[in-house]
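In what follows, a single structure is set out as structure tokens and then discussed.
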Amino acid sequence: MISINRVFLILIIITLLTLWGCGNDEEKGLSSEKTVSGESTPAYGDIMVEGSIGDASNLIPILSSDNASHSISAMIFNGLVKYDKDMNIVGDLAQAWDISEDGLIITFHLRKGVTWQDGHPFTADDVLYTYRVTIDPKTPTAYAGDFLKVKKAEVIDSHTFRVTYDRPFAPALISWSSAILPKHLLEGKDITKSPLTRHPIGTGPYMFKEWVTGQKIVLVSNPDYFEGRPYIDGYIMRIIPDMATMFLELRAKGIDRMG
């Protein structure tokens, strides 16, 4: 019983310190600017530093299964759809979609003007490539299951992509929240040996800058992000394999939060 009480006490302390750290954002430059009327508006700048007990393994989303890899790749890549804060499905790389009355056909209308972080245009060909490489038996991925239920996937035009299912599949729409990969950088190559495993290029709000194995991964904001420049200029994941040390770093403001 004593050990259980200690666990609860530690959890309470961590929670209070996290809240205390968030309450001191103004000291770190994460403050909001005050308008003439006294209302707060978001301000650009600063860097978010997060502690992680483990390092990433692979930054191509379909090839990784650990939390650190997915936390990083989620800021670099986009899917066609995503959940909003209220858990509603909303568009991401797809600005709209049509679903047939029988629920077997989904037609995605993709955003125009979106570019990969190397400047190459994003098109429906990237979506089709992602589908094909995910279901390829040679691809060592744990995420092919939902895509294997697709009967047919086709590019209608550069910004229209359509999928057809044999039978109704409840998670069909949200299954397309999976990260879309750049065809122009991966097609015809062994995806497991691609430089993108350690130097990813996506369409998301943050771009890869540096990965020092066992120490840190650094991202910078994408000024050309299709939803607008992120307010936080950068993100650093610090690898701190000891939870007690990470706790002390949080208390000393060496990190902003514990991952």
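Each position in the sequence shown, counted from 1, maps to that position plus 30 in this note's numbering. Heads up, the beta-carbon is just placed ideally off N, CA and C, and yes, glycines get one too.
If you reduce the DSSP assignment to three classes, tell me which class residue i lands in.
| i | result |
| --- | --- |
| residue 269 | strand |
| residue 257 | coil |
| residue 187 | strand |
| residue 161 | helix |
| residue 128 | strand |
| residue 115 | coil |
| residue 77 | strand |
| residue 71 | strand |
| residue 142 | coil |
| residue 227 | helix |
| residue 275 | helix |
| residue 87 | coil |
| residue 249 | strand |
| residue 17 | Nothing about residue 17 can be reported from this structure: the residues present for the chain run from 31 to 289 only. |
| residue 135 | strand |
| residue 207 | helix |
| residue 182 | strand |
Keeping to the same chain, check which residues put their C-beta closer than 7 Å to that of residue i; ignore five residues upstream and five downstream.
| i | result |
| --- | --- |
| residue 254 | 145 |
| residue 99 | 86, 87, 88, 89 |
| residue 290 | Outside the displayed span of the chain (31 to 289) sits residue 290, for which this structure offers no information. |
| residue 79 | 266, 268, 285, 286 |
| residue 151 | 145 |
Please check the pair residue i and residue j, which I expect to be a contact at CB under 8 Å, by giving their CB distance rounded to whole angstroms.
| i | j | result |
| --- | --- | --- |
| residue 176 | residue 212 | Not confirmed; about 21 Å, so no contact. |
| residue 164 | residue 92 | 6 Å |
| residue 181 | residue 194 | 5 Å |
| residue 226 | residue 236 | Incorrect: roughly 15 Å between the Cβ atoms, too far for contact. |
| residue 111 | residue 203 | 6 Å |
| residue 96 | residue 84 | 6 Å |
Could you spell out where the beta strand (DSSP E) holding residue i opens and where it closes?
| i | result |
| --- | --- |
| residue 237 | 236–242 |
What residues in its chain sit with their C-beta under 6 Å from that of residue i, if we drop five residues either side in the sequence?
| i | result |
| --- | --- |
| residue 192 | 137, 184, 186 |
| residue 276 | 81, 270, 288 |
| residue 74 | 261 |
| residue 198 | 133 |
| residue 103 | 89, 91 |
For the alpha helix (DSSP H) holding residue i, just list the boundary residues, first then last.
| i | result |
| --- | --- |
| residue 106 | 97–106 |
| residue 213 | 213–216 |
Using the rule of at least 16 other Cβ atoms within 10 Å of the residue's Cβ for burial, across every protein chain shown, is residue i buried or exposed?
| i | result |
| --- | --- |
| residue 170 | exposed |
| residue 94 | buried |
| residue 53 | Bear in mind that the predicted position of residue 53 carries a pLDDT of just 43, short of 50, making it unreliable; the figure below should be weighed with that in mind. Flag for residue 53 reads exposed. |
| residue 273 | exposed |
| residue 189 | buried |
| residue 129 | exposed |
| residue 148 | exposed |
| residue 160 | buried |
| residue 156 | buried |
| residue 154 | buried |
| residue 120 | exposed |
| residue 140 | buried |
Apart from the five residues just before and just after residue i, which ones in its own chain have a Cβ nearer than 8 Å to its Cβ?
| i | result |
| --- | --- |
| residue 143 | 256 |
| residue 107 | 91, 209, 210, 211, 230, 232, 233, 234 |
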